[in-house]
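Novice:
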Amino acid sequence: MTFNVERIRNEFPALLSGVAHFDGPGGSQVPTSVAQAVAQTLMSPISNRGVVTQSEKNAEAIVLAFRSAVADLVDCDPRGVIYGRSWTQLSYDISRALAKGWGPGDEIVVSRLEHDSNLRPWIQAAESAGAMVRWAEMDTSTGELPLASVQAVISSKTKLVAVTGASNILGTRPDIKAIGEAAHAVGALFVVDGVHLTPHAPISVKEIGADFFGFSPYKLLGPHCGVVVADPALLQKVKNDKLLPSTMEVPERFEFGTLPYEIMAGVTAAIDFVA
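Just so it is clear: in the sequence shown, position 107 is 111 by the numbering used here, and no numbers are missing.
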């Protein structure tokens, strides 16, 4: 079967200039269907979510479709899909919330293989709580993060282990399933930065065993935003900051203000395109 490169290329208006785009980490170009989904949402009746007016129903349908599409992409419960401006913003939000349960004597584990968005939020949250940060060292000769290196710094004091699913610099992929099992063996939460893994490999959050899994749709043909997925039962236990009139329901409790429905529609279209 012949792969029609020209047909695929024609799906991306940004490529009509003839320029080759190699800055994948900075964001991918979007297909026409994604741009159309964003534009169509902006040109259609829209308001806060509800079930009375058509604009309310439109907003509700977009949010539900977004959560369902993300759940299909990474194999998770759609009730645990959280929208955010970026993975960085979401990791800061979640780290601050989790740190409320940390204190002196507690430890978190991070690795030398990480992007700073999967380091600084956890480190600063630990410092604010008086907890200690333990570092899992990478093998500088191979660029790998050995499982034994992570296991060596996990203890009964560990509250959280945060690792990347794939290095944004080297592309190396730690054994995240085994790392998650090591974290769970001591009762720690397991966080996976899937920003650079999700565009390049099939994902099953359920199989990985991640308590929190984050990725960026704009790295896989979507608009600029971030997503974190988690078990809704776990989210119920996390006490994040929110406005008084905001709902206590999850995942909405973790999404601040009126959602950008046009961006969510674009994400759904991007996932449909990839599928």
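Ideal Cβ positions, reconstructed from N, Cα and C, are used throughout, including at glycine.
In terms of residues, what are the limits of the alpha helix (DSSP H) holding Asp276?
Specialist: Here the alpha helix (DSSP H) through Asp276 covers Tyr265 to Val278.
Novice: Taking the runs of the beta strand (DSSP E) that are 3 residues or longer, which of them lie wholly in the segment 120-165?
Specialist: Complete beta strand (DSSP E) runs here, min 3: 136-140.
Novice: Which runs of the alpha helix (DSSP H), 4 residues or longer, sit entirely within the segment 172-221?
Specialist: List check, alpha helix (DSSP H) in window: 180-189 and 209-212.
Novice: Look at the Cβ atom of Gln93, then the Cβ atom of Gly230, and state whether they are nearer than 8 Å.
Specialist: Yes.
Novice: Tell me the rounded alpha-carbon separation between Ile112 and Val232.
Specialist: Answer to the nearest angstrom: the Cα atoms are 19 Å apart.
Novice: With a cut-off of 8 Å, do at least 3 Cβ pairs link the segment 102-110 to the segment 132-151?
Specialist: Yes: at least three Cβ pairs fall under 8 Å.
Novice: Does the separation of the CB atoms of Ser171 and Val199 fall below 8 Å?
Specialist: In this structure, Val199 does not lie closer than 8 Å to Ser171 by Cβ.
Novice: Mapping DSSP to helix, strand and coil, what is Val55?
Specialist: In the structure shown, Val55 sits in coil (DSSP, three-state: anything other than H, G, I, E or B).
Novice: Report the option in Gln240, Pro255 and Phe260 whose CA atom is closest to the CA atom of Pro249.
Specialist: Cα-wise, what sits closest to Pro249 is Phe260.
Novice: Check Thr262 in the structure and name its three-state DSSP category.
Specialist: If DSSP states are grouped into helix, strand and coil, Thr262 belongs with coil.
Novice: Give me, in chain order, the residues of the same chain whose beta-carbon lies closer than 7 Å to that of Tyr222; leave out the 5 immediate sequence neighbours on both sides.
Specialist: Closer than 7 Å at Cβ, skipping near neighbours: Gly31, Ser32, His228 and Cys229.
Novice: By a C-beta neighbour count over all protein chains shown, 10 Å radius and 16 as the cutoff for buried, is Asp197 buried or exposed?
Specialist: Buried: at least 16 other Cβ atoms inside 10 Å.
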